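Position one of the sequence shown corresponds to residue 149 (the numbering used here), numbered consecutively onward.
Note that beta-carbon positions come from the ideal geometry of N, C-alpha and C, so glycine has one too.
Model, not experiment: these values are computed from the prediction.
What follows is a short report on a single structure.
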Amino acid sequence: MGPTAQTSSPVATAASQSFGQSAPSTSGATATSTSTNQVGDQIANDALGYLGVPYTYGGTSAQTGFDCSGLVQKVYQDMGISLPRTAAEQQQVGTPVSSLSQAQPGDLVFYGSPADHVGIYLGNGLMVNAPHTGASVSVVGVGQPTDIRRVVSPASPTSPQTASGVSLSPIFNAASTYYGLPSGLLQAVSKVESNYNPNAVSPAGAVGIMQIMPQTAAGLGINPADPVQAIFGAGQLLSEKLNHFGSVPLALAAYNAGDGAVEAAGGVPPYQETQNYISKVISTWQGGNS
């Protein structure tokens, strides 16, 4: 069962600024190289979620802006992988890739020796990078890199997708960044709520990929059947509940049973459904299976 508490803060604008009014189609920007490296595909798609973020020297977040190595570090951090801060240091990580023809999405593409610039390979000769002052994170041709490095191995869980195969990782990560949520929490909620199904409708009437009740969606000013708006809407709801209740379990309890139930109980309500829900979401989140 989805959230029942209302809020008057619309989030459709945030969603549209990041991804447009509706979910990206399979013809849009995604990692396009044929690849067996599922983590690499996730990394490439996650990087696409930061398109348009301004370049800022020394920047390491979507809020402050990124420099080239800050973008790389953040994208890998989203996947639970720790990298050094500078391009030259990142150039020493992983294993070498012999040529561009052998590169896979998610590989790191370096320029200079030692490197003074780095991008994330997408496939088909393209990469995502934070180029220079006055520009923004963008997709460009790779050109002639000095070095290519592979940090991740092929074995990995798959990225969350809709039934039509559209990757949701960039949307989840952008919403998590926008609302300052713990990495992976939104994905875990969606996995438990709907198994990433944007067409799901519960017996109680909760709608969409995040199972938001219609009255809550109206308060947010979103269409809960639209995956992008729903994910951003759920991001705002979870952010508000985390700030109000101070912990992930209580925020999840409020998302499931409503703020009033948590406040009345002085903690997690004594509902088996809610207790099971919290356990499932946290297990999914901590297990990285979202």
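Less than 8 Å between the beta carbons of residue i and residue j, yes or no?
i, j, result
"G383", "Y326", "yes"
"V285", "L199", "yes"
"L400", "I426", "yes"
"A336", "I379", "no"
"V376", "L398", "no"
"V223", "D255", "no"
"V396", "L333", "yes"
"R501", "P244", "There is simply no residue 501 to check, as the chain begins at 149 and stops at 438 in what is shown."
"H350", "Y344", "Note that residue 350 is Ser in the sequence shown, not His. Not in contact: S350 and Y344 (Cβ atoms no closer than 8 Å)."
"V201", "M227", "no"
Would you kindly work out how many angstroms separate the C-alpha atoms of residue i and residue j, rounded to a whole number?
i, j, result
"A365", "N371", "6 Å"
"A192", "D407", "37 Å"
"V429", "T294", "43 Å"
"W433", "N347", "23 Å"
"G369", "P418", "31 Å"
"G435", "S387", "21 Å"
"V410", "I319", "29 Å"
"L390", "A405", "14 Å"
"L316", "T208", "23 Å"
"T178", "G273", "Here the model assigns T178 a pLDDT of 38, short of 50, so the residue's position is not dependable, and the following value carries that caveat. Distance between the alpha carbons of T178 and G273: 13 Å."
"T212", "Q225", "16 Å"
"T422", "A402", "9 Å"
"P362", "S342", "16 Å"
"Q420", "G381", "26 Å"
"T182", "M275", "Note that T182 scores a pLDDT of 38, beneath 50, so its modelled location is shaky; the value from the coordinates is reported in the next line. Distance between the alpha carbons of T182 and M275 is about 15 Å."
Measure from the alpha carbon of residue i to the alpha carbon of each residue in the options, then state which is nearest.
i, options, result
"V287", "Y403, T432, A378, C216", "C216"
"F214", "V257, A278, D255", "A278"
"S230", "V300, A413, V410, G369", "V300"
"S247", "Q239, P318, L385, V257", "V257"
"H280", "V223, P232, G218, L316", "G218"
"G197", "P346, V220, D264, T204", "V220"
"Y205", "L334, A283, Q292", "A283"
"Q239", "V396, V187, Q225, P262", "P262"
"A235", "T422, Y259, P202", "Y259"
"H392", "A373, N321, G414", "G414"
"S431", "V340, Q190, A412, A373", "V340"
Determine the extent of the alpha helix (DSSP H) in which residue i is found, giving its start and end residues.
i, result
"L231", "Premise fails: L231 is in no alpha helix (DSSP H) and is neither H nor E."
"G282", "Unbroken run through G282: none, as it is neither H nor E."
"L334", "333-342"
"Y403", "396-405"
"I357", "First-last for I357: undefined, no H or E at that position."
"S431", "420-435"
"Q267", "Strictly speaking, residue 267 in this sequence is Gly, with Gln absent from that position. Run containing G267: none in the alpha helix (DSSP H); it sits in the beta strand (DSSP E), 265-271."
"V290", "Element bounds for V290: n/a, residue is neither H nor E."
"L386", "375-393"
Over what stretch of residues does the beta strand (DSSP E) that includes residue i continue unbroken?
i, result
"V223", "No beta strand (DSSP E) holds V223; the alpha helix (DSSP H) holding it covers 216-226."
"G367", "Run containing G367: none in the beta strand (DSSP E); it sits in the alpha helix (DSSP H), 362-368."
"Y203", "Element bounds for Y203: n/a, residue is neither H nor E."
Can you find a CB in chain B that lies within less than 8 Å of the CB of residue i?
i, result
"H280", "As a matter of chain content, chain B is missing from the structure shown, which is built from one protein chain."
Segment contact flag, the region 238-257 with the region 348-358, C-beta cutoff 8 Å, min 3 pairs: no
Could you check whether the region 265-277 touches the region 327-347, counting it as contact only if at least three pairs of C-beta atoms, one from each stretch, sit closer than 8 Å? no
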